[in-house]
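In the working numbering, the protein residues as written are 50 to 185.
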């Protein structure tokens, strides 16, 4: 795994990013401007957390022989000054209360979560089988 970012020697705010051979542009927002369209550094951080979480949730449910159905993880960056990540995990499968508690613990211990949790607050909402949201 690797990533390289290049920023031209000018006043531009768009970095060329290469992640394991996949290229994309990343706009570095100016401090006092609204969030730009497209990938940003915090957007890429949110993408890392959401993709790691979605795979971990599916793997966990399959291990317990629960067909997961569709799994969606949305991560939003919230807050002014000190950012906070708000993660909403939605699982199509019906999951009983005991397994939902174990699933919440699994979500809170994914590899990217463990890397980030000492540096940024992560608030998680877990929704399963059309039931009410459960904060973890």
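Think of the CB as a built atom: it goes at the ideal place given N, C-alpha and C, for glycine as much as any other residue.
In this structure, DSSP gives residue 80 a state outside helix and strand, which the three-state scheme calls coil.
Residue 120 is not a Cβ neighbour of residue 144, given a cutoff of 7 Å. Residue 138 is not a Cβ neighbour of residue 126, given a cutoff of 7 Å. Pairing residue 154 with residue 178 gives a Cβ-Cβ distance that is not under 7 Å. For the 7 Å CB-CB criterion, residue 135 and residue 163 do not form a contact.
Taking all protein chains in view, the Cβ of residue 158 is surrounded by fewer than 16 other Cβ atoms within 10 Å, so the residue is classified as exposed.
Taking 7 Å as the cut-off, the Cβ atoms of residue 64 and residue 75 count as close. Counting along the chain, no alpha helix (DSSP H) covers residue 135; the unbroken beta strand (DSSP E) around it starts and ends at 133 to 140.
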